[in-house]
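Presented below is the structure to which this report refers.
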Amino acid sequence: MDKKKVTLFVVSNQTGKTRKIVLSAAWVKAASFVAAIVLVIVAAGLVDYFGLLLQAMENKRLKAENAQLIKQFQVVESKVSALENSLERVKTFTTKLKLITNVDADDRISKLTMGPKPSAGQPVEEYEPMEAREGTDVLEEQDEVFSNKKPLNDQVGELANESTDKDYASLVVRIDKAVKETQLKEQSVIDLWESLSERQSLLNATPNMKPAKGWITSRFGYRISPFSGKSALHAGLDIAAAPGSPVYAPADGVVVFASYDESYGKLISIDYGYGVTTRFAHLSQIYVQVGQRVNKWDVVGAVGNTGRSTGPHLHYEVRINGTPVDPINFILDE
Numbered sequence: 001m002d003k004k005k006v007t008l009f010v011v012s013n014q015t016g017k018t019r020k021i022v023l024s025a026a027w028v029k030a031a032s033f034v035a036a037i038v039l040v041i042v043a044a045g046l047v048d049y050f051g052l053l054l055q056a057m058e059n060k061r062l063k064a065e066n067a068q069l070i071k072q073f074q075v076v077e078s079k080v081s082a083l084e085n086s087l088e089r090v091k092t093f094t095t096k097l098k099l100i101t102n103v104d105a106d107d108r109i110s111k112l113t114m115g116p117k118p119s120a121g122q123p124v125e126e127y128e129p130m131e132a133r134e135g136t137d138v139l140e141e142q143d144e145v146f147s148n149k150k151p152l153n154d155q156v157g158e159l160a161n162e163s164t165d166k167d168y169a170s171l172v173v174r175i176d177k178a179v180k181e182t183q184l185k186e187q188s189v190i191d192l193w194e195s196l197s198e199r200q201s202l203l204n205a206t207p208n209m210k211p212a213k214g215w216i217t218s219r220f221g222y223r224i225s226p227f228s229g230k231s232a233l234h235a236g237l238d239i240a241a242a243p244g245s246p247v248y249a250p251a252d253g254v255v256v257f258a259s260y261d262e263s264y265g266k267l268i269s270i271d272y273g274y275g276v277t278t279r280f281a282h283l284s285q286i287y288v289q290v291g292q293r294v295n296k297w298d299v300v301g302a303v304g305n306t307g308r309s310t311g312p313h314l315h316y317e318v319r320i321n322g323t324p325v326d327p328i329n330f331i332l333d334e
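Numbering (the UniProt record's numbering), first residue to last: 1 to 334.
Listed below in structure tokens is the structure:
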């Protein structure tokens with residue numbers, strides 16, 4: 001049995017008294033062992049605490065960066081949306097222009113009456129090459145690959161989540177698609193320009209603008225007649241404007257009628273060649289005469305309320321070989 005002992009002397013500075021403490025060596029060893037364990041635990045706790053503190057600081061920094069990236073993502077997304085809208089306007093513009101200048105098409109009148117229609121499962125784009133559809137399939141496959149990726153672990157500083165991944169993947173696909181469509185539209189517009197450059201007279205004779213400044217109150221198509229109360233074809237557009245507002249020639253042509261009609265009131269009709277004529281009805285003033293050649297943007301009359309009219313407005317018609325078609329398909333900025 002271990003009889004070793006440890007003696008400690010404690011001396012007071014004030015009284016000078018000395019106190020002796022005798023401890024068992026075994027007890028001192030046990031106390032030292034316990035103290036070492038406690039020290040290790042405290043050290044481990046401090047290391048863990050400072051590790052968590054650093055992790056919290058890193059998470060705070062990553063959250064700030066993530067918030068900034070979200071803002072930048074929203075800016076990019078808004079710009080992509082604007083690009084897509086611009087491409088859609090270009091698509092509509094080129095489709096209309098090709099439609100109204102394709103004078104050799106057998107179904108031109110029906111298309112200009114009803115407007116271009118999408119094929120089954122396809123948007124309104126009659127001129128999209130096969131390569132564009134194949135490219136779209138590839139982009140859709142890329143979207144599936146992106147959307148199947150697992151979200152990152154935000155507890156270790158990876159703050160991205162599943163919805164963010166999908167939004168980013170969708171944006172990447174949209175950007176790729178917009179870039180591809182831009183290239184296709186650029187080539188389409190170049191081809192269209194080269195074609196129309198060879199037919200400049202046709203382009204100049206195409207009534208491609210709204211003839212009066214105002215808002216459209218009634219469109220082409222069947223409607224309830226305000227006079228008979230029955231369904232009847234409204235063969236043009238009604239453009240509301242203040243009485244006396246100028247009416248412009250929408251293209252170069254020759255005046256073939258400038259007089260009063262019982263239904264149309266004061267009426268002007270202009271012939272542009274290629275079977276295309278326009279009518280401007282319910283005028284208050286007529287500034288041209290039959291046989292007069294007019295150019296685009298020439299003022300030919302003034303908005304009025306003559307004939308069978310319910311209020312001041314311009315009734316505008318476009319006819320091909322005498323058949324009324326939808327004027328909106330000729331107005332490139334609508």
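We put the beta carbon where it would ideally sit given N, CA and C, even for glycine. Treat the numbers as computed from the prediction; the structure is a model and nothing was measured.
Original post:
According to the Cβ coordinates, are V294 and I270 closer than 8 Å?
Top reply: The residue given as residue 294 occupies position 294 in the sequence shown. The residue given as residue 270 occupies position 270 in the sequence shown. One thing to note: V294 has its Cβ within 8 Å of the Cβ of I270.
**OP:** Please classify V10: is it buried, with 16 or more other beta-carbons within 10 angstroms of its beta-carbon, or exposed?
**Re:** As a first step, residue 10 is located in the sequence shown; it is residue number 10 there, counting from the start. Looking at its Cβ environment, which holds fewer than 16 other Cβ atoms inside 10 Å, V10 is exposed.
Original post:
For V22, which residues of its own chain have a beta-carbon under 7 Å away from its beta-carbon, when the five flanking residues on both sides are left out?
Top reply: Walking along the sequence shown from the start, residue 22 turns up at place 22. Excluding positions up to five away in sequence, the list reads K5, T7.
Original post:
Got a sec? Which residues, its chain only, sit under 6 Å from K266 by beta carbon, not counting five neighbours each side?
Top reply: Position 266 of the sequence shown, counted from the first residue, corresponds to residue 266. Hits under 6 Å: Y260, L283, I286, T306.
Original post:
When DSSP builds the beta bridges, which residues end up paired with S110?
Top reply: Indexing the sequence shown from 1 puts residue 110 at position 110. In the DSSP assignment, S110 is bridged to no other residue.
Original post:
Is it true that the CB of S218 sits closer than 8 Å to the CB of D238?
Top reply: In the sequence shown, counting from the first residue as 1, residue 238 sits at position 238. In the sequence shown, counting from the first residue as 1, residue 218 sits at position 218. Against a cut-off of 8 Å, the Cβ pair of S218 and D238 comes out as a contact.
Subject >> CB-CB length for F93 against P207, believed under 8 Å >> reply: Position 93 of the sequence shown, counting from 1, holds the residue named residue 93. Position 207 of the sequence shown, counting from 1, holds the residue named residue 207. Their Cβ separation, rounded to whole angstroms, is 15 Å, which puts F93 and P207 out of contact at 8 Å.
Original post:
Is the distance from the Cβ of V247 to the Cβ of V290 below 8 Å?
Top reply: For the purposes of this step, residue 247 is taken as the residue at position 247 of the sequence shown. For the purposes of this step, residue 290 is taken as the residue at position 290 of the sequence shown. Using a Cβ distance threshold of 8 Å, V247 and V290 do not count as a contacting pair.
**OP:** Look at the Cβ atom of D252, then the Cβ atom of A212, and state whether they are nearer than 8 Å.
**Re:** Along the sequence shown, read from residue 1 onward, the residue named residue 252 stands at position 252. Along the sequence shown, read from residue 1 onward, the residue named residue 212 stands at position 212. No. Outside cutoff.
**OP:** Would you give the residue range spanned by the alpha helix (DSSP H) that Q200 belongs to?
**Re:** Numbered from its first residue, the sequence shown carries residue 200 at position 200. Boundaries of the alpha helix (DSSP H) harbouring Q200: 200-204, taken from the DSSP string.
Subject >> Anticipated Cβ contact below 8 Å, L314 with F280, distance rounded >> reply: Locating residue 314 in the sequence shown gives position 314, where the first residue counts as 1. Locating residue 280 in the sequence shown gives position 280, where the first residue counts as 1. Contact flag correct, Cβ pair sits at about 6 Å.
Original post:
Which residues in the same chain as Y222 place their Cβ atom closer than 6 Å to its Cβ, once the five residues preceding and following it in sequence are excluded?
Top reply: For the purposes of this step, residue 222 is identified with residue 222 of the sequence shown, where counting begins at 1. Take Y222, set aside five residues on each side of it, and the residues of its chain with a beta-carbon closer than 6 Å to its own are S231, L233, in chain order.
Original post:
Using the C-alpha atoms, what's the distance from L192 back to I268?
Top reply: Counting from one through the sequence shown, the residue named residue 268 turns up at place 268. Counting from one through the sequence shown, the residue named residue 192 turns up at place 192. Approximately 32 Å between the Cα atoms of the pair.
Original post:
Taking buried to mean at least 16 other C-beta atoms within 10 Å of its own C-beta, is P243 buried or exposed?
Top reply: As a first step, residue 243 is located in the sequence shown; it is residue number 243 there, counting from the start. The residue in question, P243, is exposed, as its Cβ has fewer than 16 Cβ neighbours within 10 Å.
**OP:** May I ask which residues mark the beginning and end of the beta strand (DSSP E) holding residue 339?
**Re:** Nothing about residue 339 can be reported from this structure: the residues present for the chain run from 1 to 334 only.
**OP:** Could you spell out where the beta strand (DSSP E) holding V290 opens and where it closes?
**Re:** Numbered from its first residue, the sequence shown carries residue 290 at position 290. No beta strand (DSSP E) contains V290, which DSSP labels as neither H nor E.
**OP:** Tell me where the beta strand (DSSP E) around I268 begins and ends.
**Re:** In the sequence shown, residue 268 corresponds to position 268, counting from 1. Element bounds for I268: 265-273.
**OP:** Give the secondary structure of A232 by DSSP, where H, G and I count as helix, E and B as strand, and everything else as coil.
**Re:** For the purposes of this step, residue 232 is taken as residue 232 along the sequence shown, with counting starting at 1. If DSSP states are grouped into helix, strand and coil, A232 belongs with the strands.
Original post:
Taking the alpha-carbon positions, what's the F33 to I41 distance?
Top reply: In the sequence shown, the residue the question calls residue 33 occupies position 33. In the sequence shown, the residue the question calls residue 41 occupies position 41. Rounded to whole angstroms, the gap between the alpha carbons of F33 and I41 is 12 Å.
**OP:** Keeping to the same chain, check which residues put their C-beta closer than 8 Å to that of E84; ignore five residues upstream and five downstream.
**Re:** The sequence position of residue 84 within the sequence shown is 84, counting from 1. Hits under 8 Å: R174, A178.
Original post:
Less than 8 Å separating the beta-carbons of T277 and I109?
Top reply: In the sequence shown, residue 277 corresponds to position 277, counting from 1. In the sequence shown, residue 109 corresponds to position 109, counting from 1. No. Outside cutoff.
Original post:
Hey, how far is the Cα of L39 from the Cα of V172?
Top reply: Along the sequence shown, read from residue 1 onward, the residue named residue 39 stands at position 39. Along the sequence shown, read from residue 1 onward, the residue named residue 172 stands at position 172. Approximately 54 Å, taken between the alpha carbons.
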